[in-house]
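Q: FYI, the numbering used here numbers position 282 of the sequence shown as 293, with every residue one higher than the one before it. Yeah, the Cβ is synthetic: ideal placement off N, Cα and C, and Gly gets one too.
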Amino acid sequence: MAVGRQRLIISLMPLAGIVTMWAVGTLRLQSDAPQPPDVDLRIVQGNVPQEEKWAPENREATFARYIKLSTQPGDFDVLLWPETAFPGFLDEDAQARARIAAALPDGSVLLTGVPDRVLSEDGTRYFNTVQAFDDTNEILTGYAKHHLVPFGEYVPFRGWLPIERLTAGLGDFTPGPGPRTLALPGMPLVAVAICYEIIFPGHVVDDMFRPDWIFNATNDSWFGTSIGPEQHLASARMRAVEEGLPVIRAANTGISAVIDANGEIIARLDTGERGIIDADLPSAQPPTPYALFGDWMLLALILASWSWALAANATANHRRMRKTVMQRCG
12 MAVGRQRLII SLMPLAGIVT MWAVGTLRLQ SDAPQPPDVD LRIVQGNVPQ EEKWAPENRE
72 ATFARYIKLS TQPGDFDVLL WPETAFPGFL DEDAQARARI AAALPDGSVL LTGVPDRVLS
132 EDGTRYFNTV QAFDDTNEIL TGYAKHHLVP FGEYVPFRGW LPIERLTAGL GDFTPGPGPR
192 TLALPGMPLV AVAICYEIIF PGHVVDDMFR PDWIFNATND SWFGTSIGPE QHLASARMRA
252 VEEGLPVIRA ANTGISAVID ANGEIIARLD TGERGIIDAD LPSAQPPTPY ALFGDWMLLA
312 LILASWSWAL AANATANHRR MRKTVMQRCG
């Protein structure tokens, strides 16, 4: 009878784990949200087709489109443009930076995707970055993408593979050093995930310097009207839930969105739309168990379950052997 009970308990352990996770999640959703920061966002979705994005003759029209959308009536503290919104090198273009500064309200900041390059004796290295600019024409800080897309942003084993990249743009990008938390003057700390970096759990946030929100700058135009943008958005919602942080997406052709720390979509611009989202920055939640322990938590649960099952099985075997010995001796 005891053996049967132990087997039942072992079989119910996965269900108990699921119920526990459901209960913790429910309590988290029902808890009062912290006071949101007083930060107004403006997200710009320019909707520039992929085939036009890198054409030199379209550079001015693309830039003018983003400036025009950014200067629509309304106040904001942080202006957000998507991945490679400016198809050039802003740090080398003082005139373009001056136009950006003129479009920014006093004290506000622009976070925009922009390519960057470093010249050295060994050649030119290109980076896919997000850079921060203020209303005084200064570059404040930046982040370089570290999870690059094979064949989209670089060709692996280029010396042995006689093929070119599948997307237009500059030469092969160089990966950045990894997750980084950016400090902007008077603003909550922000982590940046460029494009598909948002799909990697545990690789978006700097564990040493937890941010208050995540900015996901992306260009999903090469997906067209497929299911890809929705899947990408779903990944962003998962990172929000895992980290307990709001995720703000600026996408060239969509889907731009404001996602709160529970993974709920507050506002969105769908694929193929051109426009802006004006929204308040949602509040961050306390660090989740996953944010604190990452995949080690899952590994610990698996090892604990195995250990308990092995111990229970050993106890059952001991009891059976003891019963057999007693019967033989009796």
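Going by alpha carbons, who is nearest to Gly197 out of Ala290, Leu151, Gln242 and Phe211?
A: On the sequence shown, position 186 is the one that residue 197 refers to. For the residues Ala290, Leu151, Gln242 and Phe211, the minimum Cα distance to Gly197 belongs to Leu151.
Q: According to DSSP, simplified to helix, strand and coil, what is Asp291?
A: On the sequence shown, position 280 is the one that residue 291 refers to. Note: Asp291 maps to strand in three-state DSSP.
Q: Please name the residue or residues paired with Ala72 in a DSSP beta bridge.
A: As a first step, residue 72 must be located in the sequence shown, where it is residue number 61. Bridge partners of Ala72: none, in fact.
Q: Below 8 Å, how does it come out for the segment 85-100 and the segment 261-268: are there three or more Cβ pairs, yes or no?
A: The segment 85-100 vs the segment 261-268: in contact.
Q: Do you know offhand how far Asn69's Cα is from His214's?
A: Counting from 1 along the sequence shown, the entry for residue 69 is found at position 58. Counting from 1 along the sequence shown, the entry for residue 214 is found at position 203. Approximately 35 Å between the Cα atoms of the pair.
Q: At which residue ranges does the segment 45-122 contain complete beta strand (DSSP E) runs of 3 or more residues, listed in the order of the chain?
A: With a minimum length of 3 residues, the continuous beta strand (DSSP E) runs that stay inside the segment 45-122 are 51-56 and 89-91.
Q: Mind checking Leu177: buried by the 16 CB within 10 Å criterion, or exposed?
A: The residue labelled residue 177 in the question sits at position 166 within the sequence shown. Reliability fails at Leu177, whose pLDDT of 47 lies under 50, so the model's placement of it is uncertain and the value that follows must be treated cautiously. Exposed: under 16 other Cβ atoms inside 10 Å.
Q: Out of Ile287, Gly255 and Met332, which one is the CA nearest neighbour of Ser294?
A: Counting from 1 along the sequence shown, the entry for residue 294 is found at position 283. The residue with the shortest Cα to Cα distance from Ser294 is Gly255.
Q: DSSP three-state label for Ser232, please.
A: If you number the sequence shown from 1, residue 232 lands on position 221. Helix at Ser232.
Q: Out of Ile54, Val50, Asp271 and Asn58, state which residue places its alpha-carbon closest to the alpha-carbon of Gly235.
A: Translated into the one-based positions of the sequence shown, residue 235 becomes position 224. Measuring from the Cα of Gly235, the nearest candidate turns out to be Asn58.
Q: Return the bridge partner residues of Asn363 from the DSSP annotation.
A: Outside the shown range of the chain (12 to 341) lies residue 363, about which nothing can therefore be said.
Q: According to DSSP, simplified to helix, strand and coil, what is Gly286?
A: By one-based count along the sequence shown, residue 286 stands at place 275. Gly286: strand per DSSP, three-state reduction.
Q: Pro240 by DSSP, collapsed to three states: which one?
A: Translated into positions along the sequence shown, residue 240 becomes position 229. Helix.
Q: Who pairs with Ala278 in a beta bridge, going by DSSP?
A: In the sequence shown, the residue the question calls residue 278 occupies position 267. According to DSSP, which records beta bridges pairwise, Ala278 is partnered with Val269.
Q: Can the beta-carbon of Ser267 be found less than 8 Å from the beta-carbon of Ile54?
A: As a working mapping, residue 267 is identified with position 256 in the sequence shown. As a working mapping, residue 54 is identified with position 43 in the sequence shown. A contact, by the Cβ cut-off of 8 Å.
Q: Pro67 and Thr95 look like a contact to me (Cβ under 8 Å); what is the Cβ gap, rounded to whole Å?
A: Here the question's residue 67 lines up with position 56 in the sequence shown. Here the question's residue 95 lines up with position 84 in the sequence shown. That belief does not hold up - the Cβ atoms of Pro67 and Thr95 are roughly 14 Å apart, past 8 Å.
Q: Is Val141 buried or exposed, if buried means 16 or more other CB atoms sit within 10 Å of its CB?
A: On the sequence shown, residue 141 is found 130 positions in, with the first residue counted as 1. Val141 is buried by the Cβ-count criterion.
Q: Going straight from the alpha carbon of Ala72 to that of Ala114, what length do you get?
A: As a working note, residue 72 is residue 61 in the sequence shown. As a working note, residue 114 is residue 103 in the sequence shown. Using only the alpha carbons, I get a separation of about 16 Å.
Q: Of the choices Ala155, Ile111 and Asn139, whose alpha-carbon is the least far from that of Glu149?
A: If you number the sequence shown from 1, residue 149 lands on position 138. When only C-alpha atoms are compared, the closest one is Ile111.
Q: Rounded to a whole number of angstroms, what is the C-alpha to C-alpha distance between Arg221 and Pro297?
A: On the sequence shown, residue 221 is found 210 positions in, with the first residue counted as 1. On the sequence shown, residue 297 is found 286 positions in, with the first residue counted as 1. Arg221 and Pro297: Cα-Cα distance of roughly 10 Å.
Q: Note the first and the last residue of the continuous alpha helix (DSSP H) segment covering Leu303.
A: Residue 303 sits at position 292 when you count from the first residue of the sequence shown. Where Leu303 is concerned, the enclosing alpha helix (DSSP H) stretches over Pro300 to Phe304.
Q: I need the boundaries of the beta strand (DSSP E) containing Gln142, first residue and last residue.
A: Here the question's residue 142 lines up with position 131 in the sequence shown. Residues Gly134 to Asp145.
Q: Would you please state the rounded distance, in angstroms, between the beta carbons of Leu195 and Val129? I believe it to be under 8 Å.
A: For the purposes of this step, residue 195 is taken as the residue at position 184 of the sequence shown. For the purposes of this step, residue 129 is taken as the residue at position 118 of the sequence shown. About 23 Å; that fails the 8 Å criterion.
Q: With DSSP as the reference, label Arg191 as helix, strand or coil.
A: Residue numbering aside, residue 191 sits at position 180 when the sequence shown is read from its first letter. Looking at Arg191 - three-state DSSP - the assignment turns out to be coil, as it is neither helix nor strand.
Q: Nearest CA to the CA of Leu200: which residue from Gln83, Pro190 and Arg136?
A: Residue 200 sits at position 189 when you count from the first residue of the sequence shown. For the residues Gln83, Pro190 and Arg136, the minimum Cα distance to Leu200 belongs to Pro190.
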